[in-house]
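Below is one structure; the comments refer to it alone.
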Amino acid sequence: MTKYWKDYQKEIAEDEFFYVRSCIRQNFFPGAENLFIDILRNKLGKAIFEDADHTTCTGIGYHSDIVPLETIMTVVARQFALMKERGYKNMIVSCVTSFGIYSEILDLWKHDPALKSKIEGYLKEATGRTFEEPGNMVHASDILYKFRQEIAAQARYRLVNHETGQPLKVVDHIGCHYAKTFPERGVGGAEFPQVLTGLIRAWGGETVDYPERRHCCGFGFRQYILQPSRGYSISHSRTKLESMKPYEPDLIVANCPGCSMFLDRWQYTLEETDGSVYGPANEKIPVLTHEELAGLVLGYDPWEIGLQTHQVPVEGLLEKMGIPYDPEKKYTDRSGRVIGHPEKIHNSICHESR
Amino acid sequence: MEKLFDPFVILFTAGFSFAAFWFIYKVIRWFAELPASDRSLVLHGIFSVKTLQALWETVSESLLHRNIFKRNFRLGYMHMSLAFGWFMLIVIGNIESTWYSGSMFKPLYVSVFWRFFDPGPGFPEAMYQPGFAMVMDFFLLLVLSGLGFAMIKRFRSKVVGMKRTTRQHPVDRWALTALWMIFPARLIAESMTCGTYGTGSFLTGSLGYLFAHFFNPQPLVLPAWWFYSAVLCAFFVLLPFSRYAHIPSEPVLIFFRKYGVRTSNLSTGYTDLSLHACSSCGVCIDACQLSEALPGRPLQSNYFVKSLRHRETPNHQWECLLCGRCEAACPVGVSLMPLRQMQRPDSGIGLGLAKAPHPGKNGHRVNVLYFAGCMSHLTPGIIESMKDIFTQAGAKWQFLDADGNRCCGRPMKLAGQTEAARNVRLKLEQDIKATGASLLVTSCPICYRIFNEEYELGPIRIVHHSQYINELLEWNFIRISKSGMKAAYHEPCELGRGSGIRKEPRNVISALYSKDLTPPGEGLCCGGSLGGPALDIATRKAVARGAVSQLTANDPDLLVTSCPLCKKTFRPVSEIPVMDIAEATASCMVKGERLAEAKGERREARGEREKKEIKIRVGS
Amino acid sequence: MKNRFGFEIQDNRQIDLDLADDRVNDEVSAIIRAWRSCLKCGNCAAVCPEGEGVYKLDLSAFLDLSAFQKLTGLDKCYLCGKCQLVCPRGIPTRFVIMQVINYMKEYGKAV
Amino acid sequence: MNPDKQSVGKRNTVAVIGAGPAGLSAASALAALDFEVHLFEKESREGGKLNQYHQLFPARESASEVMGELLISVDKENIIRHLGLGVNSIKPSDGGWAVHHGDGEPIRSDAVIVATGFDFFDARLKEEFGYGIYSRVITSVDLEKKLNEGRETLLHKGTDPAAIAFVHCVGSRDEQVGVSYCSRLCCITGIKQAIEMKELFPETKVYNFYIDMRAFGTGYEELYRKAQEQYGVRFIRGRVSEASEDAECRIRLKAEDTLMSRPLKVSVDWLVLLVGMRPGCSPVQTDQSFLGSDNPLTGNALPGMPGVYSAGCCSGPMSIPESVASGRSAAFQVIDHLNSKQ
């Protein structure tokens, strides 16, 4: 029976999670994943385990035609094996690319058991391990969606302009591989995904439904990897940004590390290329990941959760939300050592001193 | 005799002198604005026999209107009676006045108003008077009868054998009214006078008698002459600005033409003269096929000329098919096609710059070069037939536009793009010369015309395939088994009127078919013409249907034309088969006997034949 | 035009009908209404004696407003009128071309 | 055809299930030949989908007038109308059929004509068009309704719409929603409605996005040309891929102009989805498909059910005249059937 967009709901486990990280996320938004774990353990009191032995899913290599299918399947099978060995059934995937890969592989195995047993063979041969498919596999943003009300209950700040009392206008961007390949695996399906909208609404903000909402962020594995074809990647981002500009969004939140990264970094590149800026008041638009958004709402220190590593400065947003921060601490680590400044100073200095 | 003057003559004299001076001024300008070459033509012509010929033509056309007579008796009579009758009134009036007044030199008005100055009795020579009076009355009657026709024509044109009559320009309407009043006014004035003095002949006399019977006309005499003089004045004042300017202009045109002046493609004194010489008689309206297909749309040449004369931009000019039927019909002989062409400005958009000249297929030099023309590629039957014919005739030939990608440039010219047309021409010229051929055969009259008129191909002889076939037949290079069918020939505008190729195709037709049922008269436009780009398909089809129904009037078995475009246009609307003359020939041609036939021939007329052979089969 | 990061950003190929300038289209179809009935069958382009007609002189593209931002290939036209003989809708294509060119000139879009 | 008076007629009873154009014309044909006709209609009034239309292509007759004619044709005393009474099933009973309906005893009939019609495709299944999400995305059926209600229901913020787009083949020829066939009538509906829009709002730009134009019927192609030439409707070959709302609540479309081979976008005030036809549900339905036939080329007897015939859109997409014709033909097949049983 065919479903309508609003019928798309998925089963999300309650507790006892096995967590697999994302290469991009931990490299470009180093605070994000620790923050996620911290929220689950300390704010929501959930058991979440990450295995030091787990690896990349090699998804980028796979999408760039470097890693063959059998290889990536074996790598993923190994992650499953680790989870089994630790006695977990519920998997949380941090990366949307990985989530897409895992879903695709599980689907392939479903339709081609022979393939699965072949991979079992490979894994056994290579590592001597055996695996089971996860009982429940979700993306990290699904977890936050499930517990959005609990988070809202503990929230110290809301997605509201504390001066005007107006809700913040938030652009939610969903990674393509979250639901476009398997709509039934995404909250709200592919066309009208609800997963981030849910967070934003629960935390006091309002989402912006703009024409290019479903458009790709511009990641496009092959496109950005080769320098000469990066223009294709960035012109996608531009299409998106141009389309959201009239709505004057206060912030972009994305659940895919790649999307967060490109929407953040390419804004800078576009400004450098032709001086175009897409946020209100001739500012660039801050980009947060779903974990970072939750972190801010729950009152974590912006610099503790790594917002200084963003290309687009977040000070403006912090002020709107009325979140206090210490400009001095932005580029120092816990021990007070300077961690270095961006090349373009106007990308670093805080909002009002500009 | 007592003074020959009365104040009322001033009106006429003033009006007439105005017209006279305008005319003199115009003639000088027309002459001055001729290109130097034409001016010398005129000057050399004046003292030659040409002047006499021109004089005769003036009489036969401007006065007797023979051309219109030929076309349409009643219309001819109308024009003749008005023009000739009035002319005679003036001449005889003059003789009469001279006779009595005894003086050759006297103001013009004297002869015009003679009846006023010489009512009749009380003069010694009275005995002659009735004679003159009778002649004068006769011509007055002639004029009045013509006037009658004119009036009827205005309201019910069918009566004078015309389907339609011209729509009037305001100035023309005033002038017309004046003209119509002149002769009745004269009749009244003379009759009053005659009534008063009991003179006059069968017309003026009897009418005068009638007046006198009812009242005493004497006091009304002077007012009547005043009125007559007034309308004359009005008419002459309006003449320069109305269609009636053609009365003095037409003779000038005739003279200039006789001296060899022609309408060129740029505006000269002769152009302006032609515009004035148009009497807007409306013959062109019936000649125009669009009068049927687009009823009530004023696009015919007399409207076109009129708007040019009144310095207005002509309407609907892109709807004109440029078929040239109006020009052929024009009794005044105005060169309308060049005038039309002149009005299609070159927007200078530099079209047709596409093709670099083809590298002429060098290596084997051919003698006969075949240029099908782009349209023929939509009627492959023609091309295939020509191939058969060439082979059968044993010509050494080459197909220049086998790829169908060459253009002759004429379509652009018809669209006013003369500069672009020139570019295309120059390129194609190079290609043609590069082949080293000596005879150029084309299947398309459009191409043929521009090849003929503008291409500079040196020694290369240019023929349309209908001419080529005709010559092949004449000299038995191909043999025909005559078909029992009855055919009607459609003469393409560009070939017939456009290029004067009329008899060759007809020869071929009569050679091919048992009976030639071509209806007489000017060739008809198929409606597909490139002349009228603005015409919609419905109108084109209407023109085509009209043409087919006229061409098939004698109920032939098939319709033969000699133009790919005409063929393509007729095909869908004709009930009987439509063929190109090449296809017709190929279908009747006896194939495969050439050599045997040729041997036999050679024994007979060798010498003569060799020459011909060189001419046609081989070219040069 | 490369940026300082060593690559260039491609322009969007997208036709934006909201921004399309349809003056030429309006003017010409006001004169030749039949033109609007173009089926885009491509017959005109295919029969075009200008060899590369199909690409150079795509009559059917006229109907697309976007095409009017710039019309290349019109200068290749011979005005021969073949297209008009094959047009299934009987559009006076030859006149269309003449008119389009005039208005392209008028609006400074001539090629 | 006129059955010889002794064979069939008065004594025979025929049940007609569904009182749409097909059912009504079947009933009136049978009644005219002296049958006793039981006409079942699950809705409270006759007419079926015809009641939802404004004007009918290609000649633009008013739907209500056509409805009127059909009603007059069934106004006969030997037609027993059961309005608001659905038929649950039909079972064989002594040589004929027992029609089990909502209340009381089943009605015994010698033959049955199934004219249960069709359903419109549920546009919400094509999520990318946002039907049911964006207020300015409507179906062709909604548009007919608005046309009946009047011009002002089509204004946008009190002003004439600047642009309107029609999307052809919504729920037709689309494996994504499991529809392999062509609904045949959407193309001409789109043409007709585009013209109606132009008549209401001459200044409005009207776009039709089509895959193929299938103007198959008499007068359809002429209407197509009229829409282009006289009304200036612009037909763009290429399917709308997705729709979304912009800042002014207008609908932003993305499509590929396949003739320009370039992607295309445009904002419109109304996006009209030309929804296709789906099999309706009928008491003889075995699966989610149009009713088949024993002899598809020459008749429409339902397989394995002697004396049961399909009429109208329950056997496939049909225009009104086609439904009427198939209703009549079913009636005459009933007569053949009964004659042959004698």
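Residue numbers (the numbering used here), protein chains in the order written: chain A, 2 to 355; chain B, 859 to 1478; chain C, -9 to 101; chain D, 310 to 651. Note that the Cβ used here is the ideal one computed from N, Cα and C, for glycine as well. Just so it is clear, the structure is predicted and the values come from calculations on it, not from any experiment.
In this structure, the CA atom of D/T607 is about 11 Å from the CA atom of D/A639. With a contact defined as Cβ atoms closer than 8 Å, A/E293 and A/F100 miss out at about 18 Å.
A residue is called buried when at least 16 other Cβ atoms come within 10 angstroms of its Cβ; A/D327 does not meet this threshold and is exposed. With respect to the 7 Å criterion, A/V254 and A/V171 are classified as neighbours on the basis of their beta carbons. Between B/T1121 and B/S1193, the C-beta spacing is below 7 Å.
Counting the other CB atoms within 10 Å of its CB gives B/W914 a total below 16, which places it among the exposed residues. For B/C1178, no alpha helix (DSSP H) segment is defined, and its DSSP state is neither H nor E. By alpha-carbon distance to D/D419, the top candidate from D/L434, D/C495 and D/L339 is D/L339. By the criterion of at least three beta-carbon pairs nearer than 8 Å, the stretch 874 to 886 of chain B is in contact with the stretch 1090 to 1106 of chain B. Here D/Q364 is bridged, per DSSP, to D/S371. For A/H64, the uninterrupted alpha helix (DSSP H) run begins and ends at G60 to H64, by DSSP.
Judged by beta-carbon spacing, A/A82 lies within the 7 Å limit of A/R130, meaning their Cβ atoms are closer than that value. According to the DSSP secondary-structure assignment, D/I473 is paired through a beta bridge with D/V515 and D/W579. The count of Cβ pairs closer than 8 Å, one atom from the stretch 1180 to 1187 of chain B and one from the stretch 1141 to 1151 of chain B, reaches three, so the stretches are in contact. A/K170: member of the beta strand (DSSP E) spanning K170 to H174, first to last residue. Listed along chain C is no residue with a C-beta nearer than 7 Å to that of D/S337; the closest approach is about 41 Å.
Bounds of the alpha helix (DSSP H) holding A/Y123 are P114 to T128. Below the 7 Å Cβ cutoff, chain A contributes P247 and Y248 as neighbours of D/A556, in chain order.
Taking all protein chains in view, the Cβ of B/A1145 is crowded by 16 or more other Cβ atoms within 10 Å, so the residue is classified as buried. Taking C-beta atoms as the reference points, C/I5 and D/L573 count as a pair closer than 7 Å. Contact of A/E243 with chain D by beta-carbon distance below 9 Å is absent, the smallest such distance being about 12 Å. In this structure B/D896 is buried. Its beta-carbon is surrounded by 16 or more other beta-carbon atoms within 10 angstroms. For D/A407, the enclosing beta strand (DSSP E) covers residues G405 to H410. For B/M1233, the three-state secondary structure derived from DSSP is helix. Linking D/E565 to B/H1174 through their CA atoms gives a straight-line distance of about 41 Å. Below the 8 Å Cβ cutoff, chain A contributes W6 and F193 as neighbours of D/I442, in chain order.
Counting C-beta atoms within 10 angstroms of its own C-beta, D/L464 has fewer than 16 neighbours from the protein chains shown and is therefore classed as exposed.
Taking a beta-carbon distance threshold of 7 Å, A/P212 counts as an interface residue toward chain D.
In the three-state reduction of the DSSP assignment, D/S334 falls in the helix class, which pools H, G and I.
Using a CB distance below 7 Å, the part of the stretch 558 to 577 of chain D facing chain C consists of D566, L568, M569, R571, P572, L573, K574, V575 and S576, ordered along the chain. Taking a cut-off of 8 Å for Cβ pairs, the stretch 420 to 428 of chain D and the stretch 614 to 625 of chain D touch, as three or more such pairs fall below it. Under the Cβ distance rule, C/I87 does not count among the residues neighbouring chain D, no pair being separated by less than 7 Å.
Not a single CB atom of chain D sits nearer than 7 Å to the CB of C/L69.
For A/G206, no chain D residue has a Cβ inside 9 Å of its Cβ, as the nearest lies near 18 Å away. Between B/E1108 and B/S1137, the beta carbon gap of about 7 Å places them in contact (Cβ cut-off 8 Å). Looking from the CA of A/I324, the closest CA among A/N162, A/Y332 and A/I340 belongs to A/N162.
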